[in-house]
Amino acid sequence: MDSLFDLVSREITVLMIAMLPAVELRGAVPVGVALGMPLIEAFILSYVGSLLPALPLIYLIRPIVTWAKGSTRWRRFGSWLERRSLRKARRVRNYQAIGLFLFVAIPIPGTGVWTGSMIAGLLGFPVRTALKAIAAGNLVAGLIVTFLTHQLG
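Each residue of the sequence shown is one higher than the last, beginning at 89 in our numbering.
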């Protein structure tokens, strides 16, 4: 059986990895470099790929959580997702866009585009403001990860 790397180009592979929750840009940049990409190409593809889920998440997280909490089968998941996101949102709520930017800019697990987008959607941030803060924070996180990948690679 062919691996994912044999079936699609390395560029698509990096884009897809960057779109995954928890992995995002932080994992995609080193994978791109490991696949033989130039560092700047791995960074750009990872940055773009990690931002692709942001807009749908901002718009859809509230309806998804509401639906899940009203469903017998998905109630626990919906409640868990809302609790998890809002627990991480405490500091973001106080500082609004700056807080969201800082939250996403710190390249540690649980602080990326996915969680930042869910927080923005659940707190009702204006979409444009949220996207700008998330994109800027992701840029900073990406530059940090790219620098570390270069230094350690």
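Ideal placement from N, C-alpha and C gives every residue a C-beta, glycine not left out. These numbers were taken from a predicted model, which means no experiment stands behind them.
- Taking C-beta separations shorter than 7 Å and ignoring five residues to either side along the sequence, the partners of residue 199 in its chain run 191, 192, following chain order.
- Around residue 121, the same chain offers 127, 130, 237, 241 as residues with beta carbons nearer than 7 Å, after the five sequence neighbours per side are excluded.
- Residue burial annotation: residue 147 is exposed, with fewer than 16 other C-beta atoms found within 10 angstroms of its C-beta.
- For the set 228, 233, 235, 204, the Cα lying nearest the Cα of residue 144 is the one of 204.
- Taking C-beta atoms as the reference points, residue 165 and residue 177 fail to come closer than 8 Å.
- With 16 or more neighbouring CB atoms inside 10 Å of its own CB, residue 135 falls in the buried class.
- CA-CA distance, residue 132 to residue 211, rounds to 29 Å.
- Secondary structure at residue 144: helix, using DSSP grouped into helix, strand and coil.
- Take residue 180, set aside five residues on each side of it, and the residues of its chain with a beta-carbon closer than 6 Å to its own are 187, 188, 191, 207, in chain order.
- For residue 170, the closest of 182, 96, 113, 153 by C-alpha to C-alpha distance is 153.
- Straight-line spacing of the CA atoms in residue 159 and residue 213 works out to 26 Å.
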